Amino acid sequence: MNMALTPNVLQPMDLDPHWRWEGRLPAWGHTSVDFERRVDHDRLRRYRLSRAREALKKSECGSLLLFDVNNIRYVTGTKIGEWERDKMCRFALMTGDDAPYVWDFGSAAVHHKKYADWLLPENCRAGVVGMRGTIPPSFGLMKLYAEEIAGLIEDAGMKGMPVGVDYAETAMFHALKEAGLNVVDGQQVMLSAREIKNWDEIQLLTQAASMVDGVYHMIWEELKPGIRENDIVAMANKMLYEMGSDDVEAINAIAGERCNPHPHNFTDRYFRPGDQAFFDILQSYQGYRTCYYRTFNIGRATPVQHDAYVKAREWLDAAIQAIKPGVTTDQVAKLWPTAESLGFPNELAAFGLQFGHGLGLALHERPIISRAVSLDNPMEIETGMVFALETYCPAADGYSAARIEEEVVVTDTGCEVISLFPAEELPIANRY
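So the numbering used here is basically just the index in the sequence shown, starting at one, shifted up by 78.
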């Protein structure tokens, strides 16, 4: 048995991120080969569990109970279909120095015993709790598992210590309390673990971004009158899944008079000559996410549309140039325009328009960079963080707008952009 995730095998060296900053970040092919060292999944799993265990030791908690599927994957290296993302039906436990436990949906636990040989077979258990309330608490599953979890925590010598929970159904919180557990916020512990990516995580994020590079080339070729926003969404979904995406979380497609204010969606609107149009592609490869905006014009562009794009690009470039280890997020956020200067009443009303957010197994990780958050709650930027920076500028015509986003990896001296479809100037699709 490969005991890669068991506590007697984890070593201090497993916390080594194995960064190699010389040269350009590579975007390897997606298969394993014998002639190149690509993603090392065993090293990836050991690093993630080591980071989670280190974060747990630095916290007030003795155990972490996880229902967030991103956290479950980070700690246990397990994943089932995307349908489970919002069901809160799977859970995992990390207590003391014990190997992690995972309770999974029926036969998935049997699958893990057979194929996830980095987990202890006896720690892969069938289990389900409420499934968003469809299994009522009166049935007793929450009570059953809360008591089982409390017993495992006691066996690990962590009885009486706070139990960090990332999120759960309200009735599950009550069941845990009735089982004698002191529940506290565990999501902050896990987010701190996930902040710094190792070399393998960076490779997966770079591979995911390279897939979107190709999709944007397709979009640039296809944008023309007679095509609708939802047509582009359909073509992008098809292409991404054919390239190996495991989840196309969402694709925003916004054009013409829908650009301002930003609606964060797509419709069946036809593209028209002269439209400004922007897109955001949110997808994952082996769990690692993209958030990657591009703006185009269809056929031609007006001076005010060009002006909006230039401003959005300048704000974005200023942020990218500022990124390096030791810089704080408030210093970056101050480079962006105020909400009031863009016609919004306050920063919360403009939240997400001038924005930075960590990328990893989740779309939004640390750090968050925003004038609404960062000015009063700054966070230090560190080597190994990966995040997206996005800007938005409405055009003077009152309806067009430019939206650009770049994904960056923080290196030892600065940052490297990994979203490479050209965006230095406003791209004109099928120019007249």
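Where is the CB? At the ideal position from N, CA and C, for every residue including glycine.
Since the structure is predicted, the reported quantities are computational estimates derived from the model, not experimental observations.
Comparing alpha-carbon positions, which option in L301, V486, T469 lies nearest A428?
Here the question's residue 428 lines up with position 350 in the sequence shown. The shortest Cα separation from A428 among L301, V486, T469 belongs to T469.
If you reduce the DSSP assignment to three classes, tell me which class V362 lands in.
Within the sequence shown, the letter at position 284 stands for residue 362. Checking the displayed sequence, the identity of residue 362 turns out to be Ser instead of Val. Residue state, collapsed to three classes: strand.
Apply the 10 Å Cβ neighbour rule to V111 and answer buried if 16 or more other Cβ atoms are within range, or exposed otherwise.
Along the sequence shown, read from residue 1 onward, the residue named residue 111 stands at position 33. A residue is called buried when at least 16 other Cβ atoms come within 10 angstroms of its Cβ; V111 does not meet this threshold and is exposed.
Opening and closing residue of the alpha helix (DSSP H) in which V111 lies:
Taking the sequence shown and counting its residues from 1, the one referred to as residue 111 is at position 33. Where V111 is concerned, there is no enclosing alpha helix (DSSP H), given that its DSSP letter is neither H nor E.
Going by DSSP, what residues sit across from C471 in a beta bridge?
What you label residue 471 is simply residue 393 of the sequence shown in a count that begins at 1. In the DSSP output, where bridge partners are listed per residue, C471 has A480.
Alpha helix (DSSP H) runs contained entirely in the segment 123 to 179, provided each spans 4 or more residues
147 to 154
Measure the C-alpha to C-alpha separation of Y370 and V261 and round it to an integer number of angstroms.
Counting from one through the sequence shown, the residue named residue 370 turns up at place 292. Counting from one through the sequence shown, the residue named residue 261 turns up at place 183. Cα atoms of Y370 and V261: separation of roughly 37 Å, rounded to the nearest angstrom.
Who are the Cβ neighbours of E425 in its own chain at under 6 Å, not counting the five residues just before and after it?
Translated into the one-based positions of the sequence shown, residue 425 becomes position 347. Hits under 6 Å: A417, R449, A450.
Helix, strand or coil for D325 per DSSP?
For the purposes of this step, residue 325 is taken as residue 247 along the sequence shown, with counting starting at 1. If DSSP states are grouped into helix, strand and coil, D325 belongs with the strands.
According to DSSP, residues forming a beta bridge with G434
On the sequence shown, residue 434 is found 356 positions in, with the first residue counted as 1. Paired residue(s): I447, L467.
For F357, does the three-state DSSP call read helix, strand or coil?
As a working note, residue 357 is residue 279 in the sequence shown. F357: strand per DSSP, three-state reduction.
Please identify the residue among I401, N455, R509, D475 whose C-alpha is closest to the C-alpha of T461.
Translated into the one-based positions of the sequence shown, residue 461 becomes position 383. It is I401 whose Cα lies nearest to the Cα of T461.
Taking only runs that begin and end inside the segment 184 to 257, name each unbroken beta strand (DSSP E) of 3 or more residues, in chain order.
With a minimum length of 3 residues, the continuous beta strand (DSSP E) runs that stay inside the segment 184 to 257 are 202 to 204, 241 to 243.
So, L269 versus R444, is the Cβ gap smaller than 9 Å?
Mapped onto the sequence shown, residue 269 falls at position 191. Mapped onto the sequence shown, residue 444 falls at position 366. The answer is yes: Cβ separation under 9 Å.
Should M79 go down as buried or exposed, given a rule of 16 or more other Cβ atoms within 10 Å for buried?
Sequence index remark: in the sequence shown, residue 79 carries index 1 (1-based). Its pLDDT being 45, under 50, M79 is placed unreliably in this model, and the value from its coordinates should be taken loosely. Exposed, because fewer than 16 other Cβ atoms sit within 10 Å of the Cβ of M79.
Going by beta-carbon coordinates alone, are T407 and I459 separated by less than 9 Å?
Position 329 of the sequence shown, counted from the first residue, corresponds to residue 407. Position 381 of the sequence shown, counted from the first residue, corresponds to residue 459. Result yes, Cβ atoms of T407 and I459 sit closer than 9 Å.
Tell me whether H190 is buried or exposed, calling it buried when 16 or more other Cβ atoms sit within 10 Å of its Cβ.
Here residue 190 refers to the residue found at position 112 when the sequence shown is read from its first residue. Flag for H190 reads buried.
What are the partner residues of H263, as DSSP defines its beta bridges?
Within the sequence shown, the letter at position 185 stands for residue 263. Looking at the sequence shown, residue 263 is not His but Asp. Per DSSP, V243.
Could you give the distance in angstroms between the alpha-carbon of A473 and the alpha-carbon of F349?
Position 395 of the sequence shown holds residue 473. Position 271 of the sequence shown holds residue 349. For A473 and F349, the distance between alpha carbons rounds to 18 Å.
Can you round the beta-carbon distance between T511 and L230 to whole angstroms, since I take them to be within the 8 Å contact cut?
The requested residue 511 does not occur in the structure, where the chain is confined to residues 79 to 510.
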